[in-house]
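Residue numbers (the numbering used here): 5 to 90.
What follows is one structure encoded as structure tokens, with my remarks underneath.
If you want it as structure tokens, here you go:
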């Protein structure tokens with residue numbers, strides 16, 4: 005399925021977010037138009053409670069963490085659980 009830029013109309017990522025078809029947004033804008041689209045995408049991510057990543061470095065860290073969790077190498081804990089271990 006081809007997804008259009010937000011400024012080019014539908015279907016675009018915001019339409020998919022509205023349908024609950026997006027679990028994570030990685031958006032690293034590089035131009036003035038993409039910054040404008042990025043604002044709309046960030047707003048939709050907040051509205052639909054979808055995690056949102058804005059830098060390549062954070063995207064790489066998230067990908068590494070997701071991979072580690074899938075291999076059982078990383079355990080997900082709440083902040084409270086980490087504080088109890090200190």
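Cβ coordinates follow ideal geometry from the N, Cα and C atoms, glycine included.
No experiment lies behind these values; they were computed from the predicted model shown.
Item to check | Where residue 50 sits in the DSSP three-state scheme | outcome: helix
Checklist entry - In whole angstroms, what separates the C-alpha of residue 6 from that of residue 90? => result 48 Å
Item to check | Straight-line gap, residue 59 to residue 49 (C-alpha atoms, nearest Å) | outcome: 15 Å
Checklist entry - Based on the DSSP secondary-structure assignment, which residues constitute the bridge partners of residue 16? => result 8
Checklist entry - Are residue 9 and residue 51 touching if we call contact CB-CB under 8 Å? => result no
Checklist entry - How long is the line joining the alpha carbons of residue 14 and residue 20, rounded to whole angstroms? => result 10 Å
Next on the checklist: I need the DSSP call for residue 29, collapsed to helix, strand or coil.
Outcome noted: strand
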